[in-house]
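J.: Once you've had a glance at the structure underneath, I'll fire off some questions.
2 protein chains.
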Amino acid sequence: MRYQLFYWPGIQGRGEYVRLALEQAGADYADVARDERGMAAMVKMMEAGGGTPPFAPPFLKAGRLVIGQTANILLYLGSRHGLAPKAEAGRLWVHQLQLTVADFVLEIHDTHHPLGPSLYYEDQRQPAKKRSAEFWNERVPKYLGYFERLSQEHGGFYLTGRRLTYVDLSLFQIVEGLRYAFPKRMTAFEREIPGLVALHDRVAIRPNIKAYLCSDRRIAFNEDGIFRHYKELDL
Amino acid sequence: MRYQLFYWPGIQGRGEYVRLALEQAGADYADVARDERGMAAMVKMMEAGGGTPPFAPPFLKAGRLVIGQTANILLYLGSRHGLAPKAEAGRLWVHQLQLTVADFVLEIHDTHHPLGPSLYYEDQRQPAKKRSAEFWNERVPKYLGYFERLSQEHGGFYLTGRRLTYVDLSLFQIVEGLRYAFPKRMTAFEREIPGLVALHDRVAIRPNIKAYLCSDRRIAFNEDGIFRHYKELDL
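Sequence order for the protein chains is A and B. The first sequence lines up with residues 36 to 270 when you count with our numbering. The second sequence lines up with residues 36 to 270 when you count with our numbering.
Now the structure itself:
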């Protein structure tokens, strides 16, 4: 079966967590909205009456199923492609971790959009400075400290043990993204999270991930995505 | 099996979505942290080494399982207590809707905490005014318009059809909460969402929910929770 991934073209965004899972799995998929016709199809699917219209991209078409919400898509893909444990306890645990990553991603987005997603960054620069400072003082240590502790407890291999899961791929992306958006702050912070940095490096050299990162399927970070580099926020 | 729910005492917060599901199911549960000893046990479980420590409350102890993240807990409870379809497609769809509710809940929280969760409301009043205005202009119509459309399409009964699911309970709470936090704005907006208001009313008269709402197990809304009533944000 060929999957169809629907996500905004031009940014990594939330779609990237799905792309990384599809790439690691070696799954056959089309990144549909990267051409104009696909983009029109995506909008049509969200507006269509009946069925299970997603609230927002990303969503995945898998045969007759249309699955929305990043963590929900990973829940589905994880069990099909060996990217999560099969047993209920492990499946729920990995999903729980992914939902915690999702919460963190929202807070990352809010560093440049504290007054809300509908206003331009340029209209909220001062609040963004305050929110970014608070983010690095309080939230990054709390979230990444939690994941660091888990990575240490499991012998410093992957987050939940010796097998890679989709949450490892997402944490790779978190480290990559924070390095792009906040290079100064992240450089200073990385000494606090040696386990996560090692995990990041372990993911980066997986053959499928390495090939993906070098391909033009990987969109470059930019200032329309979740991880944005604004010098004034990276003090 | 007696469930143990762990959540901050004194607020409805995210724990409320779980409480509503447990109450509707008539499940046997203890709301552990509502006394001091339970509160200490909750903190200990988050700090404990090994196992599957949750990042934050709410979490549910179900036998040997410790399940964190509100939507994940509902995923687990839904399949056990007839509050979600058994088949995969329906189960994923209801979970997807719940994750969209979770995103909305975070945006509701941000109306009074745009600069981040670690600062006091009093230190972010002006940004909170801007964020609240943007929330009501852009985000409420988008989110509630989406759920309204779904409720209409399914004949105006429950959100996904004739059977109640956990997402209906959560939408009941959203309507209740917005009425508490923003009584003026919500009164004006309710004419846009007749289907959701009817759904809210249908949930409110379910015998188990009605009994719960009248009991002292239901904590009153207050200004420490997610839905806070600040007059200056409700213009």
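The beta-carbon is built from N, C-alpha and C at its ideal position, and this holds for glycine as well.
Could you tell me whether the Cβ atoms of A223 of chain B and F256 of chain B are closer together than 9 Å?
T.: In the second sequence, residue 223 of chain B corresponds to position 188, counting from 1. In the second sequence, residue 256 of chain B corresponds to position 221, counting from 1. The answer is no: Cβ separation not under 9 Å.
J.: Does F170 of chain A come within less than 9 Å of chain B when only Cβ atoms are used?
T.: By one-based count along the first sequence, residue 170 of chain A stands at place 135. Yes, F170 of chain A lies at the interface with chain B (some Cβ there is under 9 Å from its Cβ).
J.: By DSSP's criteria, Q39 of chain A is part of a beta bridge. Which residues make up the other side?
T.: Along the first sequence, read from residue 1 onward, the residue named residue 39 of chain A stands at position 4. A:A65 and A:K96, per the DSSP bridge assignment.
J.: Using only the alpha-carbon positions, how far apart do R214 of chain B and M221 of chain B sit?
T.: To locate residue 214 of chain B, count along the second sequence from 1; it is residue 179. To locate residue 221 of chain B, count along the second sequence from 1; it is residue 186. When rounded, the distance between both Cα atoms is 6 Å.
J.: Considering only their Cβ atoms, is the gap separating D70 of chain A from P44 of chain A smaller than 9 Å?
T.: Taking the first residue of the first sequence as position 1, residue 44 of chain A is located at position 9. Taking the first residue of the first sequence as position 1, residue 70 of chain A is located at position 35. Yes.
J.: Taking buried to mean at least 16 other C-beta atoms within 10 Å of its own C-beta, is V78 of chain A buried or exposed?
T.: Indexing the first sequence from 1 puts residue 78 of chain A at position 43. Per the 10 Å Cβ criterion, exposed.
J.: Is it buried or exposed for G86 of chain A, if we count other Cβ within 10 angstroms and need 16 for buried?
T.: To locate residue 86 of chain A, count along the first sequence from 1; it is residue 51. The residue in question, G86 of chain A, is exposed, as its Cβ has fewer than 16 Cβ neighbours within 10 Å.
J.: So what does G196 of chain B bridge to, in DSSP terms?
T.: Along the second sequence, one-based indexing puts residue 196 of chain B at 161. DSSP lists B:Y193 as the bridge partner or partners of G196 of chain B.
J.: Could you tell me which chain A residues have their CB closer than 8 Å to the CB of T200 of chain B, listed as they occur along the chain?
T.: Translated into positions along the second sequence, residue 200 of chain B becomes position 165. Going along chain A, no residue has its Cβ under 8 Å from T200 of chain B, so there is no contact; the nearest lies around 13 Å.
J.: Got a sec: which bits of the stretch 122 to 135 of chain B sit with their beta carbon under 7 Å from any beta carbon on chain A, in order along the chain?
T.: A124, L127, W128, H130, Q131, L134 and T135
J.: At what residues does the alpha helix (DSSP H) containing F207 of chain B begin and finish?
T.: One-based indexing of the second sequence puts residue 207 of chain B at position 172. Residues Y201 to A216.
J.: Between B:L127, B:A106, B:R115 and B:G117, which has its C-alpha nearest Y111 of chain A's C-alpha?
T.: Translated into the one-based positions of the first sequence, residue 111 of chain A becomes position 76. The shortest Cα separation from Y111 of chain A among B:L127, B:A106, B:R115 and B:G117 belongs to B:L127.
J.: What is the DSSP secondary structure of I143 of chain A, reduced to helix, strand or coil?
T.: The sequence position of residue 143 of chain A within the first sequence is 108, counting from 1. In the structure shown, I143 of chain A sits in a helix (DSSP, three-state: H, G or I).
J.: Where I102 of chain A and A65 of chain A are concerned, what is the direct C-alpha to C-alpha distance, given to the nearest angstrom?
T.: Reading the first sequence from its first residue, position 67 is the one you call residue 102 of chain A. Reading the first sequence from its first residue, position 30 is the one you call residue 65 of chain A. Each residue's Cα considered, the two are about 15 Å apart.
J.: Go through its chain and collect everything with a Cβ distance to H144 of chain B's Cβ below 6 Å, but skip five positions before and after it.
T.: By 1-based counting over the second sequence, the position of residue 144 of chain B is 109. Same-chain partners within the cutoff: I261.
J.: Classify I108 of chain A as helix, strand or coil using the three-state DSSP reduction.
T.: As a position in the first sequence, residue 108 of chain A is number 73, starting the count at 1. Three-state result, I108 of chain A: helix.
J.: Starting from G103 of chain A, follow its DSSP beta bridges and name the residues at the other end.
T.: Within the first sequence, numbered from 1, the residue matching residue 103 of chain A stands at position 68. Bridge partners of G103 of chain A: A:F94.
J.: Is any beta-carbon of chain A found at less than 9 Å from that of G103 of chain B?
T.: Reading the second sequence from its first residue, position 68 is the one you call residue 103 of chain B. Against chain A, the CB of G103 of chain B has a partner CB under 9 Å away; the residue lies at that interface.
J.: For chain A, check one thing: does any of its Cβ atoms lie closer than 9 Å to the Cβ of D145 of chain B?
T.: One-based indexing of the second sequence puts residue 145 of chain B at position 110. Using a CB distance cut-off of 9 Å, D145 of chain B counts as an interface residue toward chain A.
J.: Under 8 Å Cβ to Cβ from R99 of chain B, same chain only, skipping five residues before and after it: list those, please.
T.: For the purposes of this step, residue 99 of chain B is taken as residue 64 along the second sequence, with counting starting at 1. Counting only Cβ-Cβ distances below 8 Å, and skipping sequence neighbours, we find nothing.
J.: To the nearest angstrom, how far is it from the Cα of A68 of chain A to the Cα of R237 of chain A?
T.: Here residue 68 of chain A refers to the residue found at position 33 when the first sequence is read from its first residue. Here residue 237 of chain A refers to the residue found at position 202 when the first sequence is read from its first residue. Roughly 30 Å between the two C-alpha positions.
J.: Give me the Cβ distance between L231 of chain A and L179 of chain A, rounded to the nearest whole Å; I'm assuming they're in contact under 8 Å.
T.: Taking the first sequence and counting its residues from 1, one reaches residue 231 of chain A at position 196. Taking the first sequence and counting its residues from 1, one reaches residue 179 of chain A at position 144. Indeed, because the Cβ distance is near 6 Å, the residues count as touching under 8 Å.
J.: Does the beta carbon of K96 of chain A sit closer than 9 Å to a beta carbon anywhere in chain B?
T.: If you number the first sequence from 1, residue 96 of chain A lands on position 61. By this cut-off, K96 of chain A is not an interface position.
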